[in-house]
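Protein chains in written order, with the numbering used here: chain Z, 1 to 80; chain D, 101 to 180. Below: the structure, in structure tokens.
There are 2 protein chains.
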Amino acid sequence: MTKLKVTVFPKAGVLDPQGKAIERALGNLGFAGVGEVRVGKVMVVEVNEADPARAKALGEEMARRLLANTVIESFTVEAA
Amino acid sequence: MTKLKVTVFPKAGVLDPQGKAIERALGNLGFAGVGEVRVGKVMVVEVNEADPARAKALGEEMARRLLANTVIESFTVEAA
């Protein structure tokens, strides 16, 4: 089995309300000098594919079809 | 400014219903040979701290106090 790490973030320019909320909360907790916060998802997926290139391609297809909303999100796939 | 990447995952043994749901959905989409799927959060936080070690310590404190529920989640902090 190969472990893939699929990381999904909102595309640049897409509003990130979670990030904004965390920025404010960190400030309220007394953390000074906090800049932008961006929040994404990360998924570790075990696939029954030993070849790294084919496993990565499989992960990219999973991301395109399910794990990411490619209209507003971008993703990366790497070996975990 | 330094960019930190804080990654948060459920601790081993903690139920991951999102992961289970994604496993099933990938199977339903025809992806054969999918093993375990674990889902976590990833946050990129800009901090006004140039020293890498101090920035990392700051990120760890942010994770302990806000970004992770350390009862059921574990986290890592690295330079983004």
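Where is the CB? At the ideal position from N, CA and C, for every residue including glycine.
Buried or exposed (CB count within 10 angstroms, at least 16 for buried), Z:Met43: As a position in the first sequence, residue 43 of chain Z is number 43, starting the count at 1. By the neighbour-count rule (16 or more Cβ atoms within 10 Å), Z:Met43 is buried.
Simplified DSSP state of D:Glu160, which is helix, strand or coil: Working through the second sequence from its first residue, we reach residue 160 of chain D at position 60. The answer is helix: DSSP assigns D:Glu160 an H, G or I state.
Test: Z:Ile22 CB closer than 8 Å to a CB of chain D: Taking the first residue of the first sequence as 1, we reach residue 22 of chain Z at position 22. Chain D contact via Cβ: present.
Anticipated Cβ contact below 8 Å, D:Ile122 with D:Val108, distance rounded: On the second sequence, residue 122 of chain D is found 22 positions in, with the first residue counted as 1. On the second sequence, residue 108 of chain D is found 8 positions in, with the first residue counted as 1. In fact, because the Cβ distance is near 17 Å, the residues do not count as touching under 8 Å.
Cβ pair count under 8 Å reaching 3, the stretch 11 to 28 of chain Z against the stretch 124 to 137 of chain D: no
Proximal chain D residues relative to Z:Val37, where beta-carbon distance stays under 8 Å: The residue given as residue 37 of chain Z occupies position 37 in the first sequence. The contacting residues are Met143, Val144, Val145 and Glu146.
Partner residues on chain D for Z:Arg65, Cβ-Cβ distance less than 7 Å: Indexing the first sequence from 1 puts residue 65 of chain Z at position 65. Those are Leu129, listed as they occur along chain D.
Rounded Cβ spacing between Z:Val47 and Z:Gly59 (contact assumed at less than 8 Å): Position 47 of the first sequence holds residue 47 of chain Z. Position 59 of the first sequence holds residue 59 of chain Z. That pair is a contact at about 7 Å.
is_contact[D:Ala125, chain Z] using C-beta, thresh 8 Å: Sequence index remark: in the second sequence, residue 125 of chain D carries index 25 (1-based). Yes, D:Ala125 counts as interfacial toward chain Z.
Cβ-based neighbour list, Z:Val45, same chain, cut-off 7 Å, excluding 5 preceding and 5 following: Numbered from its first residue, the first sequence carries residue 45 of chain Z at position 45. Leu4, Val6, Gly59 and Met62, listed in sequence order.
When D:Ala153, D:Arg164 and D:Ile172 are compared against D:Thr102, the one with the closest alpha-carbon: Locating residue 102 of chain D in the second sequence gives position 2, counting from the first residue. It is D:Ala153 whose Cα lies nearest to the Cα of D:Thr102.
Residues near D:Lys141 in its chain [Cβ-Cβ closer than 6 Å; skip 5 each side]: Sequence index remark: in the second sequence, residue 141 of chain D carries index 41 (1-based). Excluding residues within five positions, the ones whose Cβ falls inside 6 Å are Val108.
Three-state class that DSSP yields for Z:Leu26 in the structure shown: Position 26 of the first sequence, counted from the start, is the residue given in the question as residue 26 of chain Z. Helix, per DSSP.
Interface residues of chain D facing Z:Val14 [CB-CB closer than 7 Å]: Walking along the first sequence from the start, residue 14 of chain Z turns up at place 14. By Cβ distance, chain D contributes nothing, its closest Cβ being about 14 Å from Z:Val14, past 7 Å.
Partners in chain Z for D:Glu149, counting only beta-carbon separations shorter than 9 Å: Looking up residue 149 of chain D in the second sequence gives position 49. Chain Z residues near D:Glu149: Gly33.
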